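Heads up: the sequence shown begins at 457 in my numbering, then just goes up one per residue.
C-beta: ideal position from N, C-alpha, C; glycine also.
All values reported here derive from a predicted model rather than from experimental measurement.
Here is the structure we will look at, set down as structure tokens.
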Amino acid sequence: MKVKKHIISVLVENHFGVLARVSGMFSARGFNITSLCVGETDDPSISRMTVVVGGDDRVLHQIIQQLNKLVDVIDVRDLTNETFVERELIIVRVQANRKNRSEVVEMANIFRAKVVDVGEDTLTVEATGAQGKIQAFIDMMRTFGILELVRTGEIAIPRATGAVNDAEDGQEAQVS
């Protein structure tokens, strides 16, 4: 049976120990978290966790039930079968000498990434996008020699009702 990727959005009260309780629930039941991102919402008393886990629908159902039992959890939403916008951020430092520096910059431009730091023999590049785009960008940067890489993991939000445009890669959605 193929393991399905599930993206779960969890609204929680924003106070000490909530992250530990939520992540502890996953580890206590043997669920592996592939990606976990947490940040305040527009209301500083509430945080949103985007949790990516693998498993079948039975596992997902069990996770959602367990999350809903936690006192600090306000709302749990499985985005997997909904339409949603996802993004991930990476910052990668690659080898970039005089011979290949322009090639690294050109590749970054193709992916709509931007150079955020320049060293004598390195470039540090920031990229955002859907997970597939980010993975393709990483694969291309490997050809130059990745020295260091950090990534946020996925964040996701449901699409607006009736949304028809995908504003991918920093482009603005078309509004009529």
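Open item on the list: Using a Cβ-Cβ cutoff of less than 8 Å, which residues in the same chain neighbour S632 once the five nearest sequence positions on both sides are dropped?
Closed with: Sequence index remark: in the sequence shown, residue 632 carries index 176 (1-based). Confidence at S632 is low in this model, with a pLDDT of 42, below 50, so the placement of that residue is unreliable and no value is reported for it.
Open item on the list: Between K461 and V508, how many whole angstroms is the CB-CB distance? I'm expecting something under 8 Å.
Closed with: Along the sequence shown, one-based indexing puts residue 461 at 5. Along the sequence shown, one-based indexing puts residue 508 at 52. Confirmed, about 6 Å.
Task: Simplified DSSP assignment, three categories, for H721 - done: Outside the shown range of the chain, which is 457 to 632, sits residue 721, and nothing can be said about it.
Open item on the list: Looking at L605: is its Cβ nearer than 8 Å to the Cβ of V529?
Closed with: Translated into positions along the sequence shown, residue 605 becomes position 149. Translated into positions along the sequence shown, residue 529 becomes position 73. No; because the gap between Cβ atoms is not below 8 Å, this pair is not in contact.
- [ ] Kindly indicate which residue of E576, V581, Q587, G510 has the alpha-carbon position closest to the one of E562.
- [x] Position 106 of the sequence shown, counted from the first residue, corresponds to residue 562. Looking at the Cα atoms, V581 is the closest of the given residues.
Task: Rounded Cβ spacing between F600 and Q551 (contact assumed at less than 8 Å) - done: As a first step, residue 600 must be located in the sequence shown, where it is residue number 144. As a first step, residue 551 must be located in the sequence shown, where it is residue number 95. At roughly 6 Å, the Cβ-Cβ gap stays under 8 Å, so F600 and Q551 are in contact.
Open item on the list: Let's see if you can read the secondary structure: which residues bound the alpha helix (DSSP H) around K589?
Closed with: The residue labelled residue 589 in the question sits at position 133 within the sequence shown. Unbroken alpha helix (DSSP H) run through K589: 587-598.
- [ ] Label R598 either buried or exposed according to how many other C-beta atoms from any shown protein chain fall within 10 Å of its C-beta, with 16 as the threshold for buried.
- [x] Counting from one through the sequence shown, the residue named residue 598 turns up at place 142. The residue in question, R598, is exposed, as its Cβ has fewer than 16 Cβ neighbours within 10 Å.
TODO: Answer yes or no: do I590 and I546 have a C-beta to C-beta separation smaller than 8 Å?
DONE: The sequence position of residue 590 within the sequence shown is 134, counting from 1. The sequence position of residue 546 within the sequence shown is 90, counting from 1. In this structure, I546 lies closer than 8 Å to I590 by Cβ.
Task: Start-end ranges of the beta strand (DSSP E) lying completely within the segment 462-520, minimum 3 residues - done: 489-496, 502-511
TODO: Starting from V572, follow the alpha helix (DSSP H) in both directions and report where the run begins and ends.
DONE: For the purposes of this step, residue 572 is taken as the residue at position 116 of the sequence shown. Unbroken run through V572 is the beta strand (DSSP E), 570-574; no alpha helix (DSSP H).
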